[in-house]
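J.: Submitted below is the structure of interest, expressed as structure tokens.
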Amino acid sequence: MNIQHFSILVFCAFVIAESIASRRRNLELYDARDSLANVVTGAVTFITKIGIQGLSYLLYYYLYQYAIFKIPEESIIWLGVGFLLNDFLFYWYHRMSHEVRLFWAIHVTHHSSEKLNITTALRGNFINNIFHTLFWSPLALIGFSPVVIILSDAFSYFYQLWLHTRIIPRLGWYEYIFNTPSHHRVHHGSNQKYLDKNYGAVLILWDRIFGTYEKEDEEVFYGLTHPLKTYNLITIMFHECVDVYREFRHVRGWREKMKVLFRRPGAH
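Note that the sequence shown covers residues 0 to 267 in numbering that gives the first Met the number 0.
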């Protein structure tokens with residue numbers, strides 16, 4: 000809980016600082032209804048995550064009993080390896096959330112705002128917590144303890160808070176290795192050249208290695224390619240899930256049904 004309390008304090012400090020900068024520069028970064036949608040969906044996700052985290056720990060602990068070997072928690076080198084694996088998993092999970100329609104139906108909530116500010120970091124779909132746990136479970140079988148897995152993941156999400164802002168410029172050499180607000184502005188862009196780019200959590204190296212990196216070199220337009228134009232929380236969280244369900248019901252044959260679930264979003 001100390002980590003969670005610290006995260007909340009840092010988040011509030013970021014919001015205050017960004018709000019002050021927004022007013023002084025007339026940037027209009029905030030919209031009250033949009034920010035409220037961010038906070039409410041974030042609160043639902045956070046509360047759900049607390050409950051699921053207990054189940055996650057039990058699953059990791061169970062799998063940990065069958066690990067290939069037990070990795071010592073006190074080893075700095077192995078903690079570093081754990082961090083790298085966590086970051087690597089996040090890259091592929093995040094990429095899958097954009098490139099596989101079933102997972103995009105859940106992740107699309109995070110990209111539905113036409114604003115980008117610190118509160119946007121909160122906007123999400125609580126269903127993501129379930130898939131996230133399953134995707135991270137192989138780390139326990141490798142030999143990382145549940146504590147290391149959960150703390151590495153918590154650090155990753157804490158780091159990403161500050162990425163959701165327009166007031167921090169490019170950061171020189173730091174941009175080559177680490178994810179930054181500039182990289183993440185690209186990720187949230189609906190510009191054609193920015194779609195499905197910069198998936199990294201802490202490191203941007205995976206994007207550079209796997210060909211999904213894009214530099215911020217033109218104005219970013221935020222939100223979806225087909226904007227929702229609503230602040231209805233149910234619509235924000237479930238509109239794409241409903242579309243997937245309707246199409247899944249109406250197509251015939253399991254092969255076609257699987258295509259509905261696992262094809263790339265927008266593909267037919």
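Ideal Cβ placement from N, Cα and C applies to all residues, glycine included.
In this text, all values refer to a predicted model and were calculated from it rather than measured experimentally.
#1: According to DSSP, simplified to helix, strand and coil, what is S175?
#2: Can you list, in chain order, the stretches of the alpha helix (DSSP H) that have 4 or more residues and sit fully within the segment 192–261?
#3: Taking the straight line between their C-alpha atoms, what separation do you get for P226 and F68?
#4: Residues in the same chain with beta-carbon distance under 6 Å from Y158, minus the five sequence neighbours each way, listed in chain order, please.
#5: Label H4 either buried or exposed according to how many other C-beta atoms from any shown protein chain fall within 10 Å of its C-beta, with 16 as the threshold for buried.
#6: Decide if A42 is buried, meaning its Cβ has at least 16 other Cβ atoms within 10 Å, or exposed.
#7: Hey, could you find the ends of the alpha helix (DSSP H) K48 is sitting in?
#8: Which residue spans inside the segment 60–98 form an unbroken alpha helix (DSSP H) run of at least 4?
#9: What residue range is occupied by the uninterrupted alpha helix (DSSP H) comprising L138?
#10: If you compare alpha carbons, which of P145, F10, K214, H109 is closest to L54?
#11: Please list the terminal residues of the continuous alpha helix (DSSP H) segment that includes L150.
#12: Using only the alpha-carbon positions, how far apart do S151 and R251 sit?
#13: Under DSSP, the alpha helix (DSSP H) around L28 begins and ends at which residues?
#14: Hey, F102 and S96 are a contact pair by Cβ (cut 8 Å); roughly how many whole angstroms apart?
#15: Looking only at its chain, what residues have a beta carbon closer than 8 Å to the beta carbon of H186, apart from the 5 residues adjacent to it on each side?
#16: Short check: CB of S268 to CB of E215, under 7 Å?
#17: List the whole-angstrom C-beta distance separating W135 from I148, where the pair is believed to meet the contact cut-off of C-beta under 8 Å.
#18: Closer than 8 Å by C-beta to R32: which residues in its own chain qualify, once you throw out the five before and the five after it? Chain order, please.
#19: Can you name the residues that DSSP bridges to G188?
#20: Measuring straight from C-alpha to C-alpha, what distance separates S18 and L28?
#21: Go to H106, then tell me how far its alpha helix (DSSP H) extends in each direction, as first and last residue.
#22: Quick check on DSSP: helix, strand or coil for F13?
#23: Is the beta carbon of Y90 closer than 7 Å to that of W253?
#24: Which value, in whole angstroms, describes the spacing of the CA atoms of V219 and Q191?
#25: Looking at the structure shown, is H163 part of a helix, part of a strand, or coil, going by DSSP?
#26: Measuring straight from C-alpha to C-alpha, what distance separates F82 and F154?
#27: Given Y59, which residues of its chain have a CB within under 7 Å of its CB, disregarding the five upstream and five downstream residues?
T.: So, from the data block:
#1: A small fix is needed here, since residue 175 is Tyr in this sequence, not Ser. Helix, per DSSP.
#2: Qualifying alpha helix (DSSP H) stretches, in chain order: 204–209, 232–249, 253–261.
#3: Looking at the two C-alpha atoms, the distance is approximately 48 Å.
#4: Answer for Y158: V201, listed in chain order.
#5: Exposed, since its Cβ has fewer than 16 Cβ neighbours within 10 Å.
#6: With fewer than 16 other Cβ atoms within 10 Å, it is exposed.
#7: Counting along the chain, the unbroken alpha helix (DSSP H) around K48 starts and ends at 31–63.
#8: Fully enclosed alpha helix (DSSP H) runs of 4 or longer: 75–98.
#9: L138 -> alpha helix (DSSP H) spans 137–141.
#10: Taking only the C-alpha atoms, the option nearest L54 is P145.
#11: 145–159 is the span of the alpha helix (DSSP H), which, as asked, contains L150.
#12: The C-alpha of R251 is placed about 43 Å away from the C-alpha of S151.
#13: It is not in any alpha helix (DSSP H) - L28 carries neither H nor E in the DSSP assignment.
#14: F102 to S96, Cβ: 4 Å. Contact.
#15: So the list reads Y193, K196, N197, Y198, once near-sequence residues are dropped.
#16: Given a span of 0 to 267 for the chain in the structure shown, any question on residue 268 remains unanswerable.
#17: About 6 Å separates the two Cβ atoms, so the contact holds.
#18: The answer, listed in chain order, is Y230.
#19: For G188, which the question treats as bridged, DSSP gives the partners Y221.
#20: Whole-angstrom Cα-Cα distance: 8 Å.
#21: Secondary structure note for H106: its alpha helix (DSSP H) is the uninterrupted segment 100–106.
#22: In the structure shown, F13 adopts helical secondary structure according to DSSP, grouped into three states.
#23: Taking 7 Å as the cut-off, the beta carbon of W253 is found no closer than this to the beta carbon of Y90.
#24: V219 and Q191 have their C-alpha atoms roughly 10 Å apart.
#25: Looking at H163 - three-state DSSP - the assignment turns out to be coil, as it is neither helix nor strand.
#26: Spanning the two alpha carbons is a distance of roughly 9 Å.
#27: For Y59, where only same-chain residues beyond five positions count, the Cβ hits under 7 Å are S136, A139, P145, I148.
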